[in-house]
Structures are given as structure tokens and as C-alpha cells.
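To start, the structure under review is shown below, and the notes come after it.
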Ligand SMILES: Nc1ncnc2c1ncn2[C@@H]1O[C@H](COP(=O)(O)OP(=O)(O)OP(=O)(O)O)[C@@H](O)[C@H]1O
Ligand SMILES: [Mg+2]
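Residue numbers (this note's numbering), protein chains in the order written: chain A, 1 to 222; chain B, 1 to 257; chain C, 1 to 239.
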């Protein structure tokens, strides 16, 4: 009987897989992009650039994702007088900007924590500012970033569940639909939803551990 | 007469209110080997870091090959040097650090190849050959593809020297290159320096606490004390015939250790 | 901004209504944080069990809770728990949220405790043994007093993180500031102003707290971590 129920529920949840996965991939790409842009901007010599990125980072880190999601959901069409085409974009932008802000701190911190001696050795070899960044600092900083990027990607996966709240038909959305028609099945439904997310998280967990072992080698920090 | 390759003229350096160097005048001639000795905190490291452009003098001039290092001319006026000017002038200077500062994400060979290729835009194959030669010279021909963290301290420091040598500097700076090493590894590094000093015709400035070694290879010894060059001359002049009391105390302490 | 989209009248009308939820939001943050602080110990001690398979299971249960959405976990506790035959009980939205968020974040907090305990010098354990302390006394008098204080800044960070997760509870009907804002929005068909208020409240509370904790962290680091930082400097130096 339980087995039958699982066989009923599983394909229903599967229908939401596409939305969950595409939202995750797209928002992760936006987040990584924003992380590097904002992280580097915060290390800029130009104080105006630093202040503007600082404002972005603190606003998105200081308020919660769910509030940002709702805010953008109502604000984007209002403020810009446009419909983005779909709520899919709203969800992706909210998650991407939110985690981009967190990850920009990871980028900034990693670059700053590459040991000063590395820059000095590069200067002694007469490298330009740009070469120092490209050849010496950045490759080491990126290794240091890997575990945190992995962790935050798992956070992003968890965050994608929120898009069901703005009507996107993701895994949780189909779970909610089934629960509302068959309340007594709720335990099994939500357990399976959780298992679904966990299965999606497994490769990310594995990649994060991989990133940890890479980051332990090949960097001089201090 | 031969012109000095580097001239310090009345160079001062302060960190905040703390005056470290108070008027340094110094000539470094081509191929000259200079040892800098002095008590801890006397500013030995600071002197050579200013030449490597890692530290900016508070006042005074450092002239490298006839060009002012920290100042450049613009519309007939001398202004603070920009990055490009520093790069143009410091190309002939190389440095070896106390803590090696090897690039941990590159193999030994890559450590030695990256600057000639990217900075001097030299041919990759030529650089590779030269880098291998240099690594063989310092006794690491069998470690080309190892990463720095697979080497001992002495080996790391020898790689650091090869890395600097591949750039063919006219002046090499050594900042206490053996003081982070276990005692039994000091000898192998000093041997390499001795070899360079004997066979290469570049100028060398060694900041060191290895007194006997320094006196052995140096043409000129500087005793730095309280922000000035308190004594300078050949090894025997400085060691045996100086009447400077603080120098005698300093040497005495070393001898007795 | 165009006045058809933004009205200061709406803003000032919504402000007191949204603020009515602040007590619940802060109260839920504190309660679920306390729950997580206590439950965190459970994980810490469960993970100290030396039985290999059991340890493996506990590690993966923690991993499961940690890497699945807290929103779904809230739904599970609120909608599904009462339906489980035998052990199911109906819980209020607030209690559900305390348990849901509390358990979710206790897995992180358990790891923080663990890192604190592992940082305690090995000699301290041996000293406790040599002085013949009982197990309880060893933990209460020797280990925990040294292990916990250095974790305070990290715990503080999790307090702020949980504060920002608390509005998730609006989805199961906890009447904090977000639910107040959404309700106002639905009644007046004006969402932007109340939601902006919610954002500002979060920013006003979390940004200064984050700065405070950063300061605390720096202060604690100089007090507790002298050795650790020295170690790091050495590590950085050898390359
Ligand atoms: N970046 C800095 N900021 C502030 N003070 C500095 C800095 N670098 C060096 N100093 C100070 O300047 C003085 C001279 O430093 P320097 O490193 O040149 O001495 P040193 O002769 O090389 O000493 P040691 O033998 O210990 O290496 C020291 O008192 C040091 O504390
Ligand atoms: Mg020094």
C-alpha cells in the first residue's frame, strides 16, 4: 500500500524537476557572475565603485531571500512597467542576486587572504598589477573559494523551493497540490519531496567535498 | 671609472612616526657583493625592499642605472613614480625572500618560467631550457614537476634563487634567505649563493646573520645601526680594524653564540 | 518614482500594521534559536558515539536535514506531522516553526560546538583524567567552559541567519512582519510599500547586529585564538 502510494506520488513530483533544476542552474550562474563582479569591485581603488557595490551587498545580505522574492515579484512589473515574461525570471533574479551578494564576500575574502608574500614575489619578478592578479593571486584565491561556492550552491538549491510561493511549478509546488487534495498522505508526500531535494543535493555535497580537498592544496594564505 | 649601478642619496624611511632609516647614502657597483649586517630592527630589510619597490622611501632618491626609481619626470617636474615607471626601472633587480614565497599552485619549473614568459615575453622553449639549466645548477633537476609543498625548506629556497636567476637580473637582493631554515639545511643554500657569487657577474646585496659566510664572500660590508650606515668597508676593515663600539658589541655577541 | 506605483500615504498607513508583527518575528527568532542551541548539543553528543555504523547514520541524517529546504521541513511539521498515525499531534504555526527552524539550524550549531570542542587542547582532557573527574564534571567544569566561549561569535552569526529565515514561517500562518505585510497588501492591493517596510526592518536590525558580531569576533580572536593565528601565520610563511 505504501509502495503503491510512492509509485503514485513520485511521477507527480518528477513533473516539477525541470523547474527546480533550471531555476537552480540559472540562479547559480547569475550568483557566480555577480559574486566575481561585486567581489572585485569591492577591492577597487575607486571609492564610488566600492560604496555602490557595498550597498548592493549589504542590502541583499541584510534582508531575507523570501522578502526579496516577494518584493521583486511585485516591484519588477510595477517599477519597470514590464512583465519579465514569467515568474521564472523573477525567481532566478532574486536567488541569483541574493547569493551573489553572499558569494561576493567569499570572493573578496579569498583574494585578500592570499599571502602578501605572493604579491611581493610577483613584484620582484616585475609582474604588472594585472599579471599579478591573473597569474598569481586569482588562481590561488579561486581554489580557496571552492568549498564556500559549493556550500552556497547547496543553500541556493534549498532557496529554489521558495519559487513555488510565486506560482512556479517546481517539485514543492506539485507536492503542495497533492497534499491539498489528499491531506492524509501529507507525511509521505513531504518526505518524498525532501528526498527529492536531497538527491539533487548529493552531487553538490560531493563537489563541495572535492572542492575542500582541492583548496587544501596549492594555496599560500595568511 | 666605473659608475655605480645603484645610488642611494640621503634616503629616509619612516613607518608613521617611527623613523627607521635616517639618511642612507650608498653606492652599489656592478658585480659588487655587499653584505648588510646589523641588529634586529635596524632597517636592513627595509633598505633592500625600497630598491625592490616593495616599500616607498619617505624622502631621498634611489638611482638605478641613471634613472630615479621612485620619481619620474612629467612636464619638466619630478613627480611620484607610477606603476609603469617602477616596472621600467626595476626590471634589472631580483630578490630572494626569507620565506621563499614560491607560487604554490605552480610546479617548480612553472615557478621559474612564468615571469620570463609573461613579463619579458621571451620564447617559451628558450625559457624552459634556461629554467631547467638553472634548476639543475641549484641541484633540483630531478624535481621539475614537483609542487613547492613537496620540497624541504632548503630546496624551496634554492628554487626561489633559480626563479630569480632565470630573469637575468643585474642586481640580486637576498633577505636573510637562510633564517627560516632548519640548521641542517642552511649549508646547501649558502653553497648555491657562494656559487652565484663566484661565477655570476651581477651585483649582490645580502642581508644576513651568517656572519662568517658574509665576510667570506663580500667585497664590502655595511654595518647598519640606529637608522644609518654606521660603518662600511672591506670585511677586514670592518671586522678587525673598526673602533665602533656598538659594532664590536654586536660582533662579540655573534662570536660568542 | 512614479506616484501611481509608490504612495507615502500607503507607506505610513502600512507601517504600524507591519510593525505589529515585529514582536512575533523577533520572538520566533529567539525561541527557535534557543531550541537550536539546545538541540545542537544532541547532535554533538550523538556524533561522539564511537559505533561506526551509528555514526555514519547520524552524520547522514544531519546532512539530510541540512541540505533540504527548511520551507519543506516547515510544511512537513505543520501539515504532515499531525497525520502520522500514533505519534502525530497538531501543532500551532508558531510551535511548528520553532521546531522546524530549530531542528534545521541545530545541525549547523551542533557542528559549531564540535569545532569548539575539538579546539580544546588535548592536554586538558588528560588533565581532567589525571584529576579523576567524573564524566559529567569533566564536561561541565573543564571542557565546555573552554570550548563554548570561542564559538559565541559564530553562534551570533547563526542568530542573524535564523532571523532572516524566520519569515518563511509566514507560509504556515505565523503572523510576523512578512505575513502582516502580505495581508495588508492583499486587502489594499498595495504590496510594494509594506514589503519595502519589511525589508527596511530586516536591514535595520540585521546590519548593526552583524557589525556588532564582527567586532566581538575580532575581540575574541585576540583573546582565544592567539595560538591559532600564530599557527596560520606560520603556515602562510612556509610557501
Ligand atoms: N610595514 C611596516 N610597518 C611598520 N613598521 C615596520 C614595517 N616594516 C618594518 N617596520 C619596522 O621597521 C624597523 C626596521 O625593520 P626591518 O625589517 O627593516 O629591520 P631588520 O633590520 O630587517 O630586522 P631583522 O633583523 O629583525 O629582520 C623595525 O622596527 C620594524 O618593526
Ligand atoms: Mg629583516
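Beta carbons: idealized from backbone N, C-alpha and C, even for Gly.
Residue 101 of chain B has no beta-bridge partner at all, per DSSP. Exposed is the label assigned to residue 189 of chain C, since fewer than 16 other Cβ atoms lie within 10 Å of its Cβ. Judged by DSSP secondary structure, residue 132 of chain A falls outside any beta strand (DSSP E); it is assigned neither H nor E.
No Cβ of chain A is located within less than 9 Å of the beta carbon of residue 20 of chain C.
Using a CB distance below 7 Å, the part of the stretch 109-124 of chain A facing chain B consists of 117, 118, 120, 121, 123, 124, ordered along the chain. Counting only Cβ-Cβ distances below 8 Å, residue 163 of chain A has no contacts in chain C at all, with the closest Cβ about 10 Å away. Distances from the alpha-carbon of residue 60 of chain B to those of B:23, B:52, B:247, B:38 put B:23 closest. The closest CA to that of residue 42 of chain A, considering only A:93, A:55, A:30, A:31, is found on A:55.
For residue 77 of chain A, there are no neighbours in chain B by C-beta distance under 8 Å, as the nearest C-beta there is about 47 Å away. By the Cβ test, the stretch 48-62 of chain C is not in contact with the stretch 129-139 of chain C, since fewer than three Cβ pairs between them sit closer than 8 Å. In this structure the stretch 43-51 of chain A does not lie against the stretch 180-196 of chain C, because fewer than three pairs of beta carbons, one per stretch, are closer than 8 Å. Of all residues in the stretch 126-147 of chain A, only 126, 127, 128, 129, 131, 134, 135, 136, 139, 140, 143 come within less than 9 Å of chain B when Cβ atoms are compared, listed by chain position. The DSSP assignment places complete alpha helix (DSSP H) segments of no fewer than 4 residues inside the stretch 175-256 of chain B at 183-199, 211-217, 235-240, 245-256, in order along the chain. Remark: the shortest separation between the CB of residue 200 of chain C and any heavy atom of ligand 1 does not fall under 8 Å.
In the DSSP assignment, residue 32 of chain A falls within the unbroken alpha helix (DSSP H) covering 17-41. Residue burial is scored here from C-beta neighbours: residue 7 of chain B has at least 16 other C-beta atoms within 10 angstroms and is therefore classed as buried.
When DSSP states are grouped into helix, strand and coil, residue 157 of chain C belongs to the helix group. Classified as exposed, residue 125 of chain B has fewer than 16 neighbouring CB atoms from the shown chains inside 10 Å of its CB.
Inter-residue distance for residue 11 of chain C and residue 193 of chain C is about 5 Å (C-alpha atoms, whole angstroms). Beta-carbon to beta-carbon, residue 154 of chain A and residue 204 of chain A are separated by about 5 Å, close enough to satisfy the 8 Å threshold.
None of the residues of the stretch 104-136 of chain C has a beta carbon lying less than 7 Å from any beta carbon of chain A.
Interface residue (Cβ-Cβ distance to chain C less than 9 Å): residue 159 of chain A is classified as such. Residue contact with chain C for residue 88 of chain A: absent (no Cβ-Cβ distance below 9 Å to any residue of chain C). When the beta-carbon positions are compared, residue 28 of chain C and residue 136 of chain C stay at least 9 Å from each other. Scanning its chain for C-beta atoms nearer than 8 Å, with the 5 sequence neighbours on each side dropped, one finds no residue around residue 74 of chain A. Going by C-alpha positions, residue 87 of chain C is about 24 Å away from residue 41 of chain C. The beta carbon of residue 143 of chain B is closer than 6 Å to those of 108 in its chain, skipping five residues each way along the sequence. Not one heavy atom of ligand 1 is found less than 8 Å from the C-beta of residue 32 of chain C. Proximity of residue 105 of chain B to chain A, defined by a Cβ-Cβ separation below 9 Å, is satisfied. Annotation for residue 37 of chain B: the continuous beta strand (DSSP E) segment containing it runs 33-37. The alpha-carbon of residue 161 of chain B is positioned some 47 Å away from that of residue 155 of chain C. Between residue 192 of chain A and residue 6 of chain A, the C-beta spacing is below 9 Å. Secondary structure of residue 94 of chain B (DSSP, three-state): strand.
Using beta-carbon distances, residue 176 of chain A counts as an interface residue toward chain C, with a partner under 9 Å. The Cβ of residue 64 of chain A sits closer than 9 Å to at least one Cβ of chain C.
Scanning A:61, A:128, A:149 for the CA closest to the CA of residue 110 of chain A turns up A:149.
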